[in-house]
Every structure is written in structure tokens, then in C-alpha cells.
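Here the structure comes first, spelled out in C-alpha cells, and everything after it is commentary.
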Amino acid sequence: MSEDAARGVISRFAPSTTGEAHPGTLLAALLVWLDARSRSGRVELRLEDLDVTRARAAWADQMIGACDWLGIGWDDVVVQSDRRAAHEAALDALAAAGRLYPCACSRAARTGGRRAPDGSWAYDNTCRGRELPAGGWRASGDAIRVRLDDDRIELVDDGGLDLSQTPARDMGDPIVRRRDGVVAYQLAVVVDDRDQAISDVIRGRDIAPSTATQVMLQRLLGAPTPRYRHHFLLLERRSREVQDGERERGALEPTRGDKLAKLHGSIPFSELRARHDGPGLCGILAHAAGLSAAPSPCTPGELVSGFDWRRVPAADRVAHWTERGLVID
Ligand SMILES: [Zn+2]
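See the structure below:
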């Protein structure tokens, strides 16, 4: 047994089920799975379905099916909406510690203010002085934020990415329960990682800027900090019209003027499956991830023994949909 296995690697792939699986989610699944399996670790699939306004059960089922089709099996499947009691208990604990406050500030009020490291507008902790209503956080119709300590978090991930921040200032106190009652991502991810004893978090680099906030929440909840690694993303070229539409829906902050954006649903699993088979797509993803010399068919299992993060490129790659199917530059 290796040293890592002796310590017990427990990892997770945690996609949101707010859209179809696509090459970017399947690449992330493959990297999480290979990292865990190459260290004799366990790995679970966590379906992030808390956003009731956007998540769909059909997409959760499709995610399970897509991973299976690709050749990836999980030791456990956790549905995040089943974890409501644990999330509420964490909110109660934070409330008991005097950490929660209601915030009625609009998104528009922050616009034009200070940029956060993730490109959004930072929150200036404007409402820190406000009290929860007599009935507590459950009785509030506002968003609920948690008052973080103002300390700096010094953190470099396993890939050498510097995640150091003073999250209370750089990002602002996070929303932990949305105005519509949904428990927010930042809290749910910390509670679930704690309760599922996650030792290693492998995920896309787009989430890296929120790591310091999550570490601060771990400290407030007495949870250990897992090891982190953030990998490259698949990007796509976006037309100006698509970008404008996403901004209107609030899905894309108007940061830089680049025409490249993180791949979302433009190459959906339904199209991928019509054009490729599992080993075919696995080969394309493995080649893009530096794990095979050519984009020729293979299975995830065949990649385990040769898996090494030193082979995986740091730079993002661009995905195209052509008459030959998926091509990754
Ligand atoms: Zn506020």
C-alpha cells in the first residue's frame, strides 16, 4: 500500500446538474477519477442540485449515465439536495456563533465597485451590522451572509497555484443562504467535504478564487482543509451575441473582452454520444490532458498506471465541434 493509500485518499467529482454533461465536465470527471485511482483512493460522484431554479433530475441522471458511458465508475453517489439537514445544522452553528447576518444589497449596488479575484464585483460587507430577525435565519426573507474573520489565508495548491487571499476583503463575506431559500454553494461544498471526509479536492481552475473563502468557512465550522489541485479548462469561442445574452442572465460577468470563455453546454452530451463512443471520447480527452500521444481510443482504466499530473498541461485548451466531431486544440 502506498503512503497516500495508507492515509486514505477520498476524492469527489461534484458537477452541478444545471445543464447537460459536456466535454468540460467529462474531462473534469476523468481527471478526478484518474487522480484518485492512481493513488488507490476512493472517489464519489456528488450531484450538486441545490439550485432548484436551474437543476433538473434528468440532467443528474444523464451525468451518471455519461460517466458510465465514458468508463468511469464511482464508489458512491451523493445527491446534494438529500443533505438539507446537514446544511441547515451548519447554518444553525454559524448563527449560534453570531456569524450570520441578513443582506438586502442588490447585485446592481455592487456593480462598478471593486473587482473580486474571480472577476465578479466584491461585496463590501455593508450589512455586517444588521441582526437576524427574532425567528433567526429561517425567518429572514433576505440573503444570509456569514461574517468571516478578516485574516489572510496563505495557500498554494498541489499544482503550485497560489490561492492566497484575504477573503473577507478580496471577495467579501459570502452568501450562505440565498434569498430564495437555497443553501449557497460556498457553504454546501464545505459541509459536504467535511461530512464525506474528502481528503483531496480536484477541480477546474475557474473555482480556484473561492478556495480561500472555503478554507475560512472550514475554520469556522471546525472542518479540516483538504488538499487542493485546480486543473486547466476547456474553452470555446463565443460570439458577441452569446456573450451579451449570458451577461443579461447574470451568467457571465463583463470582465475582459476575450472571445474565449469556459465551455458550457454548446457541445452537449447528446451530440457527443451521437458522434463518438466512450473509448473514442476518452482518447480525445486523454490526449488533450497530455496523457496519451495521440487522440486514439482508450479506456479510463488503461490510463491509470501512466497517470501523472506532470504530464497534464497547465494552459487551457480550446474545444471545437467539427464534421469529425470533437477536436481539442
Ligand atoms: Zn448587504
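For the sequence shown, the numbering used here begins at 900 and goes up steadily by one. Using N, Cα and C, we set each Cβ at its ideal position, and we do this for glycine too.
CA-to-CA distance, residue j to residue i, given in whole angstroms
i, j, result
"T1110", "L1159", "24 angstroms"
"A1083", "P1001", "14 angstroms"
"F1168", "A927", "14 angstroms"
"A1188", "P1123", "30 angstroms"
"E1030", "L949", "26 angstroms"
"R1209", "G1028", "48 angstroms"
"V978", "D1061", "31 angstroms"
"D1072", "L930", "31 angstroms"
"Q1064", "L1116", "14 angstroms"
"L1151", "P1016", "Interpretation of L1151 is limited by its pLDDT of 47, a score under 50 that renders its predicted location unreliable; the figure taken from the coordinates is listed afterwards. Between L1151 and P1016, the C-alpha separation is close to 14 angstroms."
"R1155", "A1213", "Note that R1155 has pLDDT 47, beneath the 50 cutoff, so the model's placement of it is unreliable and no number is given."
"V1055", "R1128", "9 angstroms"
"R1093", "R911", "12 angstroms"
"I971", "A1008", "44 angstroms"
"I963", "R953", "18 angstroms"
"C966", "V1100", "18 angstroms"
"E1135", "S1098", "32 angstroms"
"S1204", "W1036", "49 angstroms"
"T1221", "D1176", "16 angstroms"
"R1046", "Y1022", "12 angstroms"
"D1050", "A1096", "25 angstroms"
"R1014", "D1228", "31 angstroms"
Assumed close pair residue i, residue j - CB separation to whole angstroms, cut-off 8 angstroms
i, j, result
"N1024", "A1067", "7 angstroms"
"R945", "D974", "Actually they do not touch by this definition, with Cβ atoms about 12 angstroms apart."
"V1211", "H1130", "7 angstroms"
"L925", "L969", "6 angstroms"
"G923", "L1133", "4 angstroms"
"V976", "E947", "V976 to E947, Cβ: 12 angstroms. No contact."
"R955", "T916", "7 angstroms"
"L1230", "H921", "Not covered by the structure: residue 1230. The range shown for the chain is 900 to 1228."
Distance cut-off 7 angstroms: residue i Cβ against heavy atoms of ligand 1
i, result
"A1240", "Since the displayed the chain opens at 900 and closes at 1228, residue 1240 lies outside it and no answer follows."
"A1315", "No answer is possible for residue 1315: the residues shown for the chain start at 900 and end at 1228."
"C1026", "yes"
Spatially closest choice to residue i from the options, by CA coordinates
i, options, result
"S937", "R1118, P1194, I909 and P1125", "I909"
"R1126", "D1041, L1134, Q1113 and L990", "Q1113"
"G1224", "L1062, E1201 and R1172", "R1172"
"R1078", "D1048, K1161 and D1041", "D1041"
"A995", "D1017, R953 and G1034", "G1034"
"S1019", "R1216, A1214, D1105 and P1212", "D1105"
"G1012", "P1199, R983, G1179 and D1069", "D1069"
"R1076", "I1101, R998, D1207 and W932", "R998"
"R1044", "R1009, D1057 and I1074", "I1074"
"D1048", "R1118, R982 and I1097", "R1118"
"A1003", "R982, C1026 and D981", "C1026"
"G1058", "G1103, V1088, W1036 and G1200", "G1103"
"D981", "A1021, A1096, Y1022 and V1081", "V1081"
"V951", "R983, H921 and R1014", "R983"
"A913", "G1200, V1088 and A935", "V1088"
"A935", "D1215, P1199 and T1221", "P1199"
Residues near residue i in its chain [Cβ-Cβ closer than 7 angstroms; skip 5 each side]
i, result
"A989", "L1086, V1090 and L1120"
"E919", "W958, Q961, G1164, P1167, F1168 and S1169"
"P1194", "G1182, I1183 and H1186"
"A865", "Shown here, the chain extends from 900 to 1228; a query on residue 865 therefore has no answer."
"I1052", "S1063, Q1064, P1066, A1111, V1114 and M1115"
"R1234", "Because the chain spans 900 through 1228 in this model, residue 1234 falls outside it and cannot be assessed."
is_contact[residue i, chain C] using C-beta, thresh 8 angstroms
i, result
"W1036", "Absent here is chain C; the protein component of the structure consists of one chain."
Spatial neighbours of residue i in its chain, beta-carbon cut-off 8 angstroms, leaving aside the 5 residues before and after
i, result
"G1149", "Any reading at G1149 needs caution, since the residue's pLDDT is 46, under 50, leaving its predicted position unreliable; the model's value is listed next. Within the same chain, G1149 has close Cβ partners R1006."
"C1197", "P1178, C1181, G1182, A1185 and S1191"
Residues of its chain near residue i, where Cβ-Cβ distance is below 6 angstroms and the 5 sequence neighbours each way are ignored
i, result
"P1032", "A1038 and S1039"
"H1219", "V1226"
"F1206", "L933 and S937"
"R1174", "G1224"
"A1215", "As written in the sequence, residue 1215 is Asp, which differs from the Ala given in the question. The residues are F1131, L1132 and L1134."
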